[in-house]
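Asker:
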Amino acid sequence: MMLLELNHRWDVNVRTDCCSENVEIIFSALHSTICDIGDKAFTWQGRNVTSHIIELWLDSLKSMMMEAEWSRDKYIPTMDEYMKNGCRQSEQGKLNAVTLRMIHGGGVISEEEDIKELKSIIGSKRRELLILVLQEKSSVVPRACEDLFWIMTKVLHLFYMNDNGFTLHEMINAL
Numbered sequence: 001m002m003l004l005e006l007n008h009r010w011d012v013n014v015r016t017d018c019c020s021e022n023v024e025i026i027f028s029a030l031h032s033t034i035c036d037i038g039d040k041a042f043t044w045q046g047r048n049v050t051s052h053i054i055e056l057w058l059d060s061l062k063s064m065m066m067e068a069e070w071s072r073d074k075y076i077p078t079m080d081e082y083m084k085n086g087c088r089q090s091e092q093g094k095l096n097a098v099t100l101r102m103i104h105g106g107g108v109i110s111e112e113e114d115i116k117e118l119k120s121i122i123g124s125k126r127r128e129l130l131i132l133v134l135q136e137k138s139s140v141v142p143r144a145c146e147d148l149f150w151i152m153t154k155v156l157h158l159f160y161m162n163d164n165g166f167t168l169h170e171m172i173n174a175l
């Protein structure tokens with residue numbers, strides 16, 4: 001059974017339902033991690049969020065699977081397909097929002113203009129999220145999520161403040 005199907009079914013016997021040892025190891029690690037996070041969230045919030053965490057992982061796995069299929073088939077998705085799938089950009093041969101906009105834009109605007117427009121969109125969405133995080137009264141964002149937001153903001157700022165991020169070579173050198 002494939003990893004995606006195991007995560008979808010969730011309550012399976014990994015010894016009998018897995019198609020390979022690698023899938024068994026990955027699913028077991030995901031299963032125990034998700035259950036651990038779910039238990040901690042239940043203790044803290046008093047409600048079961050495990051199904052939501054499973055759904056997040058399923059969405060991530062489906063997105064990765066779609067990206068792998070595009071790569072295998074040498075298919076260039078439309079901008080809408082790309083954004084819907086939520087692919088991550090990288091310089092290791094994967095498509096990113098800038099290259100897709102340039103491919104599907106018919107050469108109307110330059111790469112620099114694309115980058116500027118995307119940075120504007122990202123900045124706008126970041127401000128919307130920041131407003132939610134900074135609300136003190138009747139905040140809909142739990143404190144643990146606020147803390148995670150600040151940590152991720154700092155990390156992402158370090159990675160992306162100069163260009164589209166680190167290449168693999170730059171990451172290794174930075175470590």
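Going by the UniProt record's numbering, the sequence shown opens with residue 1, and the numbers climb by one from there. Cβ coordinates follow ideal geometry from the N, Cα and C atoms, glycine included.
What residue range does the alpha helix (DSSP H) around residue 203 cover?
Answerer: Because the chain here runs from 1 to 175, residue 203 falls outside it and cannot be looked at.
Asker: Please determine, among 141, 51, 46, the residue with the shortest C-alpha to C-alpha distance to residue 31.
Answerer: Here residue 31 corresponds to residue number 31 of the sequence shown, with the count starting at 1. Comparing Cα positions, the closest option is 51.
Asker: Can you give me the C-alpha to C-alpha distance between residue 20 and residue 119, rounded to a whole angstrom?
Answerer: In the sequence shown, counting from the first residue as 1, residue 20 sits at position 20. In the sequence shown, counting from the first residue as 1, residue 119 sits at position 119. Going by the C-alpha atoms only, they are around 42 Å apart.
Asker: What whole-angstrom Cβ distance do residue 54 and residue 34 have, given they're in contact under 8 Å?
Answerer: What you label residue 54 is simply residue 54 of the sequence shown in a count that begins at 1. What you label residue 34 is simply residue 34 of the sequence shown in a count that begins at 1. About 6 Å; that satisfies the 8 Å criterion.
Asker: Would you report the Cα separation of residue 129 and residue 5, rounded to the nearest angstrom?
Answerer: If you number the sequence shown from 1, residue 129 lands on position 129. If you number the sequence shown from 1, residue 5 lands on position 5. Computed Cα separation, rounded: 33 Å.
Asker: Quick one: using the 10 Å Cβ neighbour count with 16 as the cut-off for buried, is residue 29 buried or exposed?
Answerer: As a working mapping, residue 29 is identified with position 29 in the sequence shown. So residue 29 ends up on the exposed side.
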